[in-house]
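Here's the structure, in structure tokens; my notes come after.
Protein chains: 2
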Amino acid sequence: MKEETRQRVLAAARQVGYTPNAIARSFATRRSGHLGVVMPYVPKARLFSAYYFSEILSGIGSRAQANKYDLLMLFREPGGTMDYMNLFRSRKVDACIILGAKDELGEREAIRELDQGGHPYCLINQRFDGENFHVVDADHAEGGYRAVRHLLQAGYRRIAFLNGPDVYSNSRDRLAGYRRALDEAGITPDESLLFEGNFSRKSGHAAAEFIAPLLPGIDAVFAANDRMAIGLSQGLRARGVKPEHMPALVGYDDSDSAEMSDPPLTSVRVPFYQLGELAASHVLRLLEEQGGPADRRERMHLQLPTELVVRASSLNRTM
Amino acid sequence: MKEETRQRVLAAARQVGYTPNAIARSFATRRSGHLGVVMPYVPKARLFSAYYFSEILSGIGSRAQANKYDLLMLFREPGGTMDYMNLFRSRKVDACIILGAKDELGEREAIRELDQGGHPYCLINQRFDGENFHVVDADHAEGGYRAVRHLLQAGYRRIAFLNGPDVYSNSRDRLAGYRRALDEAGITPDESLLFEGNFSRKSGHAAAEFIAPLLPGIDAVFAANDRMAIGLSQGLRARGVKPEHMPALVGYDDSDSAEMSDPPLTSVRVPFYQLGELAASHVLRLLEEQGGPADRRERMHLQLPTELVVRASSLNRTM
DNA sequence: TGAGAAAATGTACGCGCGTACATTATTTGC
DNA sequence: GCAAATAATGTACGCGCGTACATTTTCTCA
Numbered sequence: 007m008k009e010e011t012r013q014r015v016l017a018a019a020r021q022v023g024y025t026p027n028a029i030a031r032s033f034a035t036r037r038s039g040h041l042g043v044v045m046p047y048v049p050k051a052r053l054f055s056a057y058y059f060s061e062i063l064s065g066i067g068s069r070a071q072a073n074k075y076d077l078l079m080l081f082r083e084p085g086g087t088m089d090y091m092n093l094f095r096s097r098k099v100d101a102c103i104i105l106g107a108k109d110e111l112g113e114r115e116a117i118r119e120l121d122q123g124g125h126p127y128c129l130i131n132q133r134f135d136g137e138n139f140h141v142v143d144a145d146h147a148e149g150g151y152r153a154v155r156h157l158l159q160a161g162y163r164r165i166a167f168l169n170g171p172d173v174y175s176n177s178r179d180r181l182a183g184y185r186r187a188l189d190e191a192g193i194t195p196d197e198s199l200l201f202e203g204n205f206s207r208k209s210g211h212a213a214a215e216f217i218a219p220l221l222p223g224i225d226a227v228f229a230a231n232d233r234m235a236i237g238l239s240q241g242l243r244a245r246g247v248k249p250e251h252m253p254a255l256v257g258y259d260d261s262d263s264a265e266m267s268d269p270p271l272t273s274v275r276v277p278f279y280q281l282g283e284l285a286a287s288h289v290l291r292l293l294e295e296q297g298g299p300a301d302r303r304e305r306m307h308l309q310l311p312t313e314l315v316v317r318a319s320s321l322n323r324t325m
Numbered sequence: 007m008k009e010e011t012r013q014r015v016l017a018a019a020r021q022v023g024y025t026p027n028a029i030a031r032s033f034a035t036r037r038s039g040h041l042g043v044v045m046p047y048v049p050k051a052r053l054f055s056a057y058y059f060s061e062i063l064s065g066i067g068s069r070a071q072a073n074k075y076d077l078l079m080l081f082r083e084p085g086g087t088m089d090y091m092n093l094f095r096s097r098k099v100d101a102c103i104i105l106g107a108k109d110e111l112g113e114r115e116a117i118r119e120l121d122q123g124g125h126p127y128c129l130i131n132q133r134f135d136g137e138n139f140h141v142v143d144a145d146h147a148e149g150g151y152r153a154v155r156h157l158l159q160a161g162y163r164r165i166a167f168l169n170g171p172d173v174y175s176n177s178r179d180r181l182a183g184y185r186r187a188l189d190e191a192g193i194t195p196d197e198s199l200l201f202e203g204n205f206s207r208k209s210g211h212a213a214a215e216f217i218a219p220l221l222p223g224i225d226a227v228f229a230a231n232d233r234m235a236i237g238l239s240q241g242l243r244a245r246g247v248k249p250e251h252m253p254a255l256v257g258y259d260d261s262d263s264a265e266m267s268d269p270p271l272t273s274v275r276v277p278f279y280q281l282g283e284l285a286a287s288h289v290l291r292l293l294e295e296q297g298g299p300a301d302r303r304e305r306m307h308l309q310l311p312t313e314l315v316v317r318a319s320s321l322n323r324t325m
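So the sequences go chain by chain: L and V.
According to this note's numbering, the first sequence is numbered sequentially starting from 7.
According to this note's numbering, the second sequence is numbered sequentially starting from 7.
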């Protein structure tokens with residue numbers, strides 16, 4: 007086809023105001039052109055930090071846009087399990103990225119179906135032990151290890167851990183890092199120093215009830231995200247703990263609030279934006295290769311490094 | 007049709023594993039089933055606060071889900087203007103909600119087309135003077151007024167204002183509120199106390215350069231969002247301003263960071279989640295009524311009330 | 001100028017659903 | 001038991017595009 011003709015046609019199309027009908031095109035090509043993003047169910051979006059999602063979504067969005075794909079947001083229902091297969095059967099999406107999946111029976115089963123169905127998908131920040139799923143993750147074991155080693159190096163010995171629910175692999179990973187750090191320092195982990203919140207500021211605040219009484223015996227706390235760390239700090243203050251008796255504090259995620267809190271919060275930076283980008287890239291590549299031998303395809307399992315960002319909250323208080 | 011037959015058919019469908027093809031259905035009905043959400047261009051999602059968007063998106067999402075609509079995220083290109091009309095011409099969306107629109111020539115024109123084309127759309131948090139668009143907004147003039155009146159009542163007289171860019175109607179509205187409050191208190195607004203940031207923490211931090219030198223002559227600052235307020239506070243501290251010389255501070259949005267900062271930040275709460283819900287409801291209603299006489303349809307213009315949340319940052323320092 | 005290649009133009013069909021309407025089977029009311 | 005009402009079944013078509021292929025026109029080179 008000659009370039010000149012091509013231009014003439016395009017000009018004529020513009021002349022009559024022709025715009026291709028995206029639906030008809032999808033229908034003919036049997037591709038929706040949509041990249042699905044499954045969001046966790048979070049009442050009013052408060053539980054998971056907004057930071058976490060906006061970063062990941064931006065990363066996904068930038069890649070999707072570059073590849074002419076549209077982002078379709080899919081919200082989990084409050085109760086039930088998401089039927090991922092149906093997204094593909096009904097042709098709503100060409101590929102999908104799953105956020106905030108929990109390691110629960112129905113979920114695991116649903117993803118296994120997806121995987122065996124040979125559909126392009128990718129989990130972000132969640133691993134399923136014993137499965138070989140496409141996952142883009144950060145190295146939270148290393149992140150936890152660094153956080154705790156940092157506290158140990160700063161001279162703290164009795165280090166409590168306010169973790170998240172263990173349906174999330176990142177919770178389990180951080181715990182492993184915590185244990186390893188203590189282990190290397192020759193400290194026997196004290197199970198009574200382990201606490202669990204749900205990543206909300208409130209749950210951090212509530213944890214103060216259990217942590218405050220132990221305070222002479224705890225000199226530092228590692229929290230599984232910044233919101234809980236800040237909530238805990240506020241909770242302790244509300245219970246009358248004086249600044250000079252505050253335990254050292256290390257958070258996780260290095261969200262905006264880490265540098266906005268007082269004292270600024272030492273935290274573990276997680277490359278959420280990149281996680282999003284990589285997951286989108288991966289899923290779009292799977293989509294391209296979909297002609298190939300499906301069973302031979304290797305599963306992706308990435309673990310991006312994290313980075314400890316030291317701020318005032320974890321400096322030795324004798325300084 | 008008898009209920010029994012209906013069940014028999016559904017059972018048979020399940021039997022053979024039939025799932026309707028969403029694309030084919032869209033094609034036949036000439037409806038995409040998508041609710042478009044136009045996102046502002048924000049490099050790495052940092053400029054606009056994550057809080058703002060996740061709240062609005064959650065609100066939109068809840069309504070969309072309840073009406074069996076999917077959310078299609080549409081990202082503005084870095085440079086150009088969004089061609090809203092084309093979203094409808096190409097049948098990508100049945101309705102759309104526009105976030106973060108700026109009052110600029112191309113934008114205004116594009117929305118006017120949309121409006122005159124009779125398409126279901128709604129702006130959130132942005133008004134265009136002289137146009138009669140569908141808008142769901144909050145009463146930022148009232149919000150600004152309350153913030154400043156509160157400072158006046160607390161005894162502050164020299165009140166600076168760190169506003170956002172005036173391509174946003176909310177910036178202009180807040181300024182009007184600021185002026186009215188001063189006016190009522192018999193204070194002549196001093197133009198040299200007006201500063202402009204871009205809603206980022208950084209820009210608040212940077213504003214400290216100009217505000218710090220004036221400090222004896224400024225006893226309070228009202229900032230157009232919490233991030234700038236906190237950035238400013240940090241910037242002043244970084245410039246050696248002692249806590250006892252810190253101006254009183256009022257932020258805006260009442261985001262998470264307001265209650266996480268130290269001292270806790272007085273702020274103006276904006277019902278972002280509801281803005282999202284209402285915009286979605288409205289747009290879906292327009293969609294239903296689309297058969298009706300398009301030109302006679304009234305434009306929506308809502309202004310939800312805001313609420314002042316008083317915290318320590320604005321208490322009189324003599325207390 | 002004529003044969004062959006390249007480009008342009010024309011024609012037909014299917015993607016899977018909704019919709020409309022005609023036909024046949026079943027139920028209802030008297 | 002018969003006509004009318006109701007339900008079930010069958011048939012046809014179009015939505016607007018991509019794709020394949022046949023046909024015609026234009027270009028190229030000897």
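Quick reminder that beta carbons are idealized off the backbone N, C-alpha and C, glycines included.
For residue i, name the three-state secondary structure that DSSP assigns.
i: residue 55/V; result: coil
i: residue 315/V; result: strand
i: residue 202/L; result: strand
i: residue 158/V; result: helix
i: residue 45/L; result: strand
i: residue 320/L; result: helix
i: residue 34/V; result: helix
i: residue 216/V; result: helix
i: residue 127/V; result: strand
i: residue 146/V; result: helix
i: residue 12/V; result: helix
i: residue 232/L; result: helix
i: residue 40/L; result: strand
i: residue 132/V; result: coil
i: residue 307/V; result: strand
i: residue 259/L; result: strand
Between which two residues does the alpha helix (DSSP H) containing residue i stretch?
i: residue 281/L; result: 278-294
i: residue 117/V; result: 111-122
i: residue 101/V; result: Unbroken run through residue 101/V is the beta strand (DSSP E), 101-105; no alpha helix (DSSP H).
i: residue 97/L; result: First-last for residue 97/L: undefined, no H or E at that position.
Kindly indicate the opening and closing residues of the beta strand (DSSP E) around residue i.
i: residue 275/L; result: 273-275
i: residue 5/V; result: Because chain V spans 7 through 325 in this model, residue 5/V falls outside it and cannot be assessed.
i: residue 79/V; result: 76-81
Going by CA-CA distance only, name the one from the options that's closest to residue i.
i: residue 310/L; options: 58/L, 35/L and 131/L; result: 131/L
i: residue 176/L; options: 119/L, 70/L, 231/L and 166/L; result: 231/L
i: residue 172/L; options: 135/L, 158/L and 189/L; result: 135/L
i: residue 276/L; options: 287/L, 153/L and 160/L; result: 153/L
i: residue 105/L; options: 115/L, 62/L, 291/L and 95/L; result: 62/L
i: residue 159/V; options: 192/V, 80/V and 147/V; result: 192/V
i: residue 102/L; options: 77/L, 274/L and 319/L; result: 77/L
i: residue 183/V; options: 149/V, 157/V, 161/V and 199/V; result: 149/V
i: residue 222/V; options: 41/V, 254/V and 304/V; result: 254/V
i: residue 169/L; options: 55/L, 264/L and 202/L; result: 202/L
i: residue 186/L; options: 212/L, 146/L and 138/L; result: 146/L
Using DSSP's beta-bridge definition, name the partner residues of residue i.
i: residue 244/V; result: Its beta-bridge partners do not exist; DSSP assigns none.
i: residue 254/L; result: 226/L
i: residue 22/L; result: Beta-bridge pairing links residue 22/L to no other residue.
Q | Residue ranges of each alpha helix (DSSP H) within the region 169-194 of chain V, 4 or longer | A | 175-190
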